[in-house]
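According to the working numbering, the sequence shown holds residues 99 to 476 in order. Notes to accompany the following structure.
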Amino acid sequence: MKNPPDPPAAAPSPVRPDWVPENAGAGFTTSLVSGVPAAAAAPRPPGPRRRALSVDDYAAGVIARDPSILGRAISLIESNAPAHQAQAQQLLARLLPHTGRAQRIGITGIPGAGKSTFIEAFGCHLVDAGRRVAVLAVDPSSSLTGGSILADKIRMEKLCQRREAFIRPSPSGGSLGGVARKTREAILVCEAAGFDLVIVETVGVGQNEVAVRSMVDFFLVLMIAGAGDEMQGIKKGVIELADALVINKADGDNRPRATAAQADLQRVLHYLHRATAGWETPALLASALTGEGVPAVWAMTEEYFAHVRASGMLDARRRAQAVEWMHALIAEGLRTRFYTSPAVRSRLPGLERAVAEGRLPALGAARELLGLADGGRP
Ligand SMILES: Nc1nc2c(ncn2[C@@H]2O[C@H](COP(=O)(O)OP(=O)(O)O)[C@@H](O)[C@H]2O)c(=O)[nH]1
Ligand SMILES: [Mg+2]
Numbered sequence: 099m100k101n102p103p104d105p106p107a108a109a110p111s112p113v114r115p116d117w118v119p120e121n122a123g124a125g126f127t128t129s130l131v132s133g134v135p136a137a138a139a140a141p142r143p144p145g146p147r148r149r150a151l152s153v154d155d156y157a158a159g160v161i162a163r164d165p166s167i168l169g170r171a172i173s174l175i176e177s178n179a180p181a182h183q184a185q186a187q188q189l190l191a192r193l194l195p196h197t198g199r200a201q202r203i204g205i206t207g208i209p210g211a212g213k214s215t216f217i218e219a220f221g222c223h224l225v226d227a228g229r230r231v232a233v234l235a236v237d238p239s240s241s242l243t244g245g246s247i248l249a250d251k252i253r254m255e256k257l258c259q260r261r262e263a264f265i266r267p268s269p270s271g272g273s274l275g276g277v278a279r280k281t282r283e284a285i286l287v288c289e290a291a292g293f294d295l296v297i298v299e300t301v302g303v304g305q306n307e308v309a310v311r312s313m314v315d316f317f318l319v320l321m322i323a324g325a326g327d328e329m330q331g332i333k334k335g336v337i338e339l340a341d342a343l344v345i346n347k348a349d350g351d352n353r354p355r356a357t358a359a360q361a362d363l364q365r366v367l368h369y370l371h372r373a374t375a376g377w378e379t380p381a382l383l384a385s386a387l388t389g390e391g392v393p394a395v396w397a398m399t400e401e402y403f404a405h406v407r408a409s410g411m412l413d414a415r416r417r418a419q420a421v422e423w424m425h426a427l428i429a430e431g432l433r434t435r436f437y438t439s440p441a442v443r444s445r446l447p448g449l450e451r452a453v454a455e456g457r458l459p460a461l462g463a464a465r466e467l468l469g470l471a472d473g474g475r476p
């Protein structure tokens, strides 16, 4: 998928986060709502503009886990500017030997399921256990709603303050394909920085789950009892992507309903296709609010990793994901080349009309355009 061109630079915002590269267009998250108590939201001290970093500077800073350089390295990756993209690719090549050691975890669920709250509780539990945790958010819609960054920063307030944690809001703007590329590469940067876990939070809408499933080792679906959520999940096939289900908000008055939902899910899971060979998808209860059940989710996660390491599934999945990703990039490249070809661009509107009016079959029009993109052969 093609990234939209950078829109003209946005008006300067009162708070410019430190992950924003120089010359960033409005396609970037260039502002945060003031009052957010995140370290990343602190305005830069007044003074000369930041020095441009070389690939060496970026690589050294990432490997040393310098939070400011880490943030800037991810900004570089997220930038759509061709000069940044070239530098980003050099950086990734440099970092590649340092990647591959983290546990890559995807967490999805409908908006309001409690993903951010859960990641806060889960992340703090892990940090307390001596782990370093990076959190990346994938939400192509966040640039439209504008609210999710504020909400997530507040919900992850405690985790934000831990030195062993790094939280990065969603790259704003752009297609799901663009966001997926940026997230995949951001995972690698976090790994090179020595985080033990990289958690990707994604909103359970549309194709997000499939995109995130294809970049993580372990995929957790967070659910809530009632509202037909269990059934929705089954219909969308999301449950078949999951390595674990966690019914969140199993607290207070909601506890009995959560327990009933767990029993329903356990029955259904029995008949469904498993996401990972040899691993039976469990359905656990948790409360992100009270923290109850969170250590059990971590214990189950460790059990999962022990299983996939021993069975060779972890390596096999990563190899398959890398090849799949290469094909996705080829497809994206071909698509971009096709739609930016001058011959295609001049002929496309006329052929669209002809197809719409029934004067030409779609197949004939497609063949003609593909021929034009190939260098004029009809
Ligand atoms: N009672 C209860 N409320 C929760 C729990 N987890 C999250 N919430 C609340 O649910 C709302 C949505 O949480 P949030 O983490 O933003 O959901 P997200 O959209 O999935 O990231 C917030 O008001 C949370 O305080 C929980 O375990 N129990
Ligand atoms: Mg959230």
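Backbone N, C-alpha and C fix where the C-beta goes; we use that ideal spot for every residue, glycine too.
Have a look at the DSSP bridge pairing and note the partners of residue i.
| i | result |
| --- | --- |
| Leu318 | Ile205 and Ala342 |
| Ala232 | Phe264 and Val296 |
| Val421 | Looking at the DSSP assignment, Val421 forms no beta bridge with any residue, so it has no partner. |
| Val301 | Gly207 |
From residue i to residue j, what distance separates their C-alpha atoms?
| i | j | result |
| --- | --- | --- |
| Phe316 | Gly204 | 6 Å |
| Ala375 | Val395 | 20 Å |
| Lys256 | Phe220 | 11 Å |
| Asp294 | Ala359 | 32 Å |
| Val287 | Asp349 | 37 Å |
| Cys258 | Ala408 | 34 Å |
| Ala340 | Ile175 | 28 Å |
| Leu194 | Lys347 | 39 Å |
| Val442 | Val277 | 26 Å |
| Gly244 | Ile208 | Unreliable positioning characterises Gly244 in this predicted model, as indicated by a pLDDT of 45, which lies under 50. The coordinate reading is nonetheless provided below. About 17 Å. |
| Ala137 | Arg266 | Confidence in Ala137 is poor, its pLDDT being 42 and thus under 50, which makes the residue's placement unreliable; the coordinate value appears in the next sentence. Their Cα atoms are separated by approximately 11 Å. |
| Ala414 | Trp377 | 15 Å |
| Thr438 | Gln419 | 28 Å |
| Asn352 | Pro180 | 51 Å |
| Leu461 | Ile428 | 23 Å |
| Leu382 | Val310 | 21 Å |
| Val453 | Gln183 | 37 Å |
| Glu450 | Leu470 | 15 Å |
| Ala140 | Ala373 | Legend: pLDDT at Ala140 = 46, less than 50; position of this residue unreliable, no value from coordinates given. |
| Leu320 | Ser173 | 29 Å |
| Met313 | Asp362 | 29 Å |
| Leu467 | Gly456 | 17 Å |
| Tyr402 | Gly410 | 12 Å |
| Lys213 | Asp155 | 34 Å |
| Met254 | Arg202 | 19 Å |
| Arg465 | Leu458 | 11 Å |
| Ala463 | Pro440 | 16 Å |
| Val131 | Gly473 | Here the model assigns Val131 a pLDDT of 44, short of 50, so the residue's position is not dependable and the matter cannot be decided. |
| Pro105 | Thr399 | Any reading at Pro105 needs caution, since the residue's pLDDT is 42, under 50, leaving its predicted position unreliable; the model's value is listed next. Spanning the two alpha carbons is a distance of roughly 42 Å. |
| Arg87 | His425 | In the structure displayed, the chain extends from 99 to 476; residue 87 sits before or after that span and is not available. |
| Arg365 | Asn178 | 47 Å |
| Arg260 | Arg417 | 33 Å |
| Leu190 | Arg163 | 15 Å |
| Ile217 | Phe264 | 12 Å |
Assuming residue i contacts residue j under a Cβ cut-off of 8 Å, what Cβ separation, rounded to an integer in Å, is found between them?
| i | j | result |
| --- | --- | --- |
| Leu230 | Gly169 | The residue you asked about is not Leu; residue 230 is Arg in the sequence shown. Contact doesn't hold; Cβ gap of about 15 Å is too wide. |
| Ile322 | Ile345 | 7 Å |
| Gly198 | Glu289 | 6 Å |
| Ala235 | Glu283 | Actually they are not in contact, since the Cβ atoms of Ala235 and Glu283 sit about 15 Å apart, beyond 8 Å. |
| Val296 | Ala157 | 18 Å between Cβ atoms; not a contact. |
| Val160 | Ala171 | 5 Å |
| Arg355 | Gly335 | No, Arg355 and Gly335 are not in contact; Cβ-Cβ is about 24 Å, not under 8 Å. |
| Glu338 | His368 | Actually they do not touch by this definition, with Cβ atoms about 13 Å apart. |
Taking Cβ positions only, does residue i come closer than 8 Å to chain B?
| i | result |
| --- | --- |
| Ala162 | This model lacks chain B altogether, as it is built from one protein chain only. |
Please tell me whether residue i and residue j are closer than 8 Å, where the distance is taken between their beta carbons.
| i | j | result |
| --- | --- | --- |
| Glu390 | Ala384 | yes |
| Glu262 | Val233 | no |
| His223 | Val421 | no |
| Thr281 | Leu387 | no |
| Thr379 | Leu432 | no |
| Gly302 | Thr434 | no |
How is the alpha helix (DSSP H) around residue i delimited, first residue to last?
| i | result |
| --- | --- |
| Arg445 | Pro440 to Ala454 |
| Asn306 | Asn306 to Arg311 |
| Trp396 | Val392 to Ser409 |
| Tyr156 | Val153 to Ile161 |
| Gln360 | Arg353 to Leu367 |
| Glu176 | Pro165 to Glu176 |
| Gly462 | Ala460 to Ala471 |
| Gly350 | Neither: Gly350 is in no alpha helix (DSSP H) and is coded neither H nor E. |
| Gly221 | Lys213 to Asp226 |
| Met180 | Residue identity check: residue 180 is Pro in the sequence provided, not Met. Counting along the chain, the alpha helix (DSSP H) containing Pro180 begins and ends at Pro180 to Leu193. |
| Leu257 | Glu255 to Cys258 |
Give the range of the beta strand (DSSP E) segment to which residue i is assigned.
| i | result |
| --- | --- |
| Ala381 | Ala381 to Leu383 |
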